[in-house]
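Numbering (numbering that gives the first Met the number 0), first residue to last: 0 to 593.
Idealized CB from N, CA, C, for every residue including glycine.
Values in this document were obtained by computation on a predicted structure and should not be read as measured data.
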Amino acid sequence: MSNVLGVSALYHDAAAAIMVDGRLIAAAQEERFSRRKQDRTVPWRAARACLDLAGLTMAEIDCLAYYEDPAMKLDRQMSMLATETRPQVARELAARIDPYRPFRALRESLGCDRPIRFVPHHMSHAASAFYFSGFESAAVLVLDGVGEWSTSSYGFGHVDRGIDLVEADRFPHSLGLFYSTITAYLGFDVNEGEYKTMGLAPLGKPVLADRLRHIIGWNEDGDVRLDLTYFDFLGLRRMWSPRLVELLGQPPRAGEEALTDWHADLASSAQSILESVVLQKASRVRERTGARNLCMAGGVALNCVANARLRQSGLFDDIFVQPAAGDAGGSLGAAAQVSRDLGSAPPVRRLRDVYLGPEYSTERDVIPVVRAANLPFGDFRIRPDELLDDVVRRLAAGQVVGWFQGRMEFGPRALGNRSILADPRVAGMRDRINGLVKLREAFRPFAPSVLRSHASTYFAGGEEHPFMLETVQALTDSLPAVTHADGSARVQTVDPQTNPRYAALLERFWSQEGCAVLLNTSFNQRGEPIVCTPTDALACFARSRLDAVVLGDVLVDVADVPPSLTASITARGKVSAFSDEPESGRALAVYELA
0 MSNVLGVSAL
10 YHDAAAAIMV
20 DGRLIAAAQE
30 ERFSRRKQDR
40 TVPWRAARAC
50 LDLAGLTMAE
60 IDCLAYYEDP
70 AMKLDRQMSM
80 LATETRPQVA
90 RELAARIDPY
100 RPFRALRESL
110 GCDRPIRFVP
120 HHMSHAASAF
130 YFSGFESAAV
140 LVLDGVGEWS
150 TSSYGFGHVD
160 RGIDLVEADR
170 FPHSLGLFYS
180 TITAYLGFDV
190 NEGEYKTMGL
200 APLGKPVLAD
210 RLRHIIGWNE
220 DGDVRLDLTY
230 FDFLGLRRMW
240 SPRLVELLGQ
250 PPRAGEEALT
260 DWHADLASSA
270 QSILESVVLQ
280 KASRVRERTG
290 ARNLCMAGGV
300 ALNCVANARL
310 RQSGLFDDIF
320 VQPAAGDAGG
330 SLGAAAQVSR
340 DLGSAPPVRR
350 LRDVYLGPEY
360 STERDVIPVV
370 RAANLPFGDF
380 RIRPDELLDD
390 VVRRLAAGQV
400 VGWFQGRMEF
410 GPRALGNRSI
420 LADPRVAGMR
430 DRINGLVKLR
440 EAFRPFAPSV
450 LRSHASTYFA
460 GGEEHPFMLE
470 TVQALTDSLP
480 AVTHADGSAR
490 VQTVDPQTNP
500 RYAALLERFW
510 SQEGCAVLLN
520 TSFNQRGEPI
530 VCTPTDALAC
540 FARSRLDAVV
550 LGDVLVDVAD
560 VPPSLTASIT
570 ARGKVSAFSD
580 EPESGRALAV
590 YELA
């Protein structure tokens, strides 16, 4: 018997997850509650939400599981400092710093006096993938920017023997940091803008790949080596040195500067290199482990184009990518690993959905918020079929609708519970939503949600894709709003068993419009987290150009939103449902702070 609270924090994408007797009960990212994008602080709000969902108090938690080893991380940080100062100064600083001090404060912030176990960063990623893959045994591949020291790791997981993991690449040699450097050069934010680089790539050609091979190389095993004269990972303002500017022949993009064909070519070139290295590494893992199945995690595993190429390669019979593959998912992996160590191994069962966050009642939570805003609303509590009919009519008429239902998703994707929906057949819909609703770059593609039973009609491959983690080719030109420049789409297949209401809406759209696909994008605007509460959803609705919002069984039409409310919310910038409370190979081993 064990109740384990997993935590990731203090870098980016802080999160919490709870496992009870090896079963995943809840997981959430702190940004959704604090309304600060990629919030790195102690995730006490997320932890509180997870405890509520588990029906536990902090006193009932047996152990905290943290997603990396702070002593190993400090070792890297001091080594980096030593290259810029005298080594003796770095050694003296390291001797005076207690790497575990922040975690005593973490326990205090969470109101918990239980021991903390520290799981190495890449082991947390590996556990988040393997223990939720449903495989009895599988190869494991972890790719990210950097953990403590490791930047890529591989190994083998077995349901009885656990995970054996070996470091493959070591900081500063990192595929993830290479890709992040190009992302920053393109003017996008690191740790958040890499998917923009991936989305820009199909608009260009990899004509700069030969130049980029001056700065990154890899051997037949996929082991990466960077020419560090082109990088500046200690820099406070940029990740590259002047040599990279000389090599590329164009200055880095600044701010909102217009994107050009050259920028698209640079993105395409970086993407082609990333895909080549991922395939080389996966081939090495297949050869060395002999495994027929593969599990992946780490930020690089969110590159859905590379994931698609890996599946198409046929190296493995089946591939499972952790849907929260970035650092937020480290909380999940740390909790799973510590649960296993305490004798509560997760069951051999594939993760089928990530609806792991809080849920809000129409009667108790939604209607009071709508009434407090003095908004007329349609109440469909006793006639839910009419609500679906109303939404289908609006979508077919070209409206854009906010869709707020059930438990909030965990991870970077909105999968039908905190989504903005539209008709994918409308040619100008992508530009409209990018420009007027989401307020984001015009090149950015949107994803399709499709009924699993109809997926093969519209998209190649035929596999199940519940988490938008791979691109596939569209088989029809009738879905322009969700088809990218290269004919691909980052598809989500929807199963009635995992999301019955969203599936019912798609079924209704199919029966009335002859289309089993909807455009699905996250319910937020540029620069803000996905909405969490009814208050967040209503605020985003009022600020944006959405035509309507559905909150549970309630529908609000934009025509009923007073201009005064829109102006008030726009002036404030955002609305939060929470008050401003205070912030309260190498062998990889788990350490404990008693």
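The residues L273, E274 and V277, in chain order, have a CB closer than 7 Å to that of A305 in the same chain once the five nearest residues on each side in sequence are set aside. Contact between the segment 50 to 63 and the segment 0 to 12 is present, with at least three C-beta pairs closer than 8 Å.
Taking one beta carbon from each stretch, the segment 9 to 27 and the segment 328 to 341 have 3 or more pairs nearer than 8 Å; the two touch. Contact between the segment 333 to 343 and the segment 482 to 499 is absent: fewer than three C-beta pairs spanning the two stretches fall below 8 Å.
By alpha-carbon distance to V320, the top candidate from S452, G401, F403 and L468 is L468.
DSSP places W43 outside any beta strand (DSSP E); the residue lies instead in the alpha helix (DSSP H), whose first and last residues are W43 to A53. Three or more pairs of CB atoms, one per stretch, sit closer than 8 Å, so the segment 40 to 53 contacts the segment 354 to 373. It is roughly 29 Å from the alpha-carbon of G460 to the alpha-carbon of V399. With respect to the 7 Å criterion, S173 and T150 are classified as neighbours on the basis of their beta carbons. Using a Cβ distance threshold of 7 Å, G5 and V141 do not count as a contacting pair. Residue L435 holds the alpha-carbon nearest to the alpha-carbon of R525 among D559, L435 and L537.
In this model, S455 and Q472 are separated by some 11 Å (Cα to Cα). For D556, the enclosing beta strand (DSSP E) begins and ends at V553 to D556. Excluding its 5 nearest sequence neighbours in each direction, P345 has C-beta neighbours in its own chain below 8 Å: M18, G21, R22, L23, Y130, F131, A335, S338 and R339, listed in chain order. Straight-line spacing of the CA atoms in M428 and A104 works out to 48 Å.
Here DSSP, grouped into helix, strand and coil, assigns L518 to strand. In the displayed model, F442 falls within coil according to three-state DSSP, outside both helix and strand. For the 7 Å CB-CB criterion, Y457 and V391 do not form a contact.
Look at S487 here: in three-state DSSP terms it is strand. Restricting attention to alpha helix (DSSP H) runs no shorter than 4 residues, the segment 183 to 260 encloses them at 193 to 199, 208 to 211 and 241 to 247, ordered along the chain. For V206 and Q311, the gap between their C-alpha atoms comes out near 24 Å. For T361, the CB contacts under 8 Å within the same chain, skipping 5 residues up- and downstream, are R380, L550, G551, D552 and V553 in chain order. From the listed residues R39, S33, V481 and R35, the smallest Cα separation to H11 is found for R39.
Taking L341 as the centre and dropping the five residues before and after it, the same chain places the C-beta of S1, V3, D61 and C62 closer than 8 Å to its C-beta, in chain order. A buried status is given to N523, since no fewer than 16 other beta-carbon atoms sit within 10 Å of its beta-carbon.
Around the C-beta of N373, fewer than 16 other C-beta atoms lie within 10 Å, and the residue is accordingly described as exposed. Pairwise C-beta distances place the segment 161 to 179 in contact with the segment 214 to 232, as three or more of them are shorter than 8 Å. Collapsing the DSSP output to three states places V284 in a helix. According to the DSSP assignment, E512 belongs to no beta strand (DSSP E) but to the alpha helix (DSSP H) extending over P499 to E512. Bounds of any alpha helix (DSSP H) do not take in G401; it lies within the beta strand (DSSP E) bounded by V400 to F403. Distance from the CA atom of G146 to the CA atom of P119, rounded to whole angstroms, is 8 Å.
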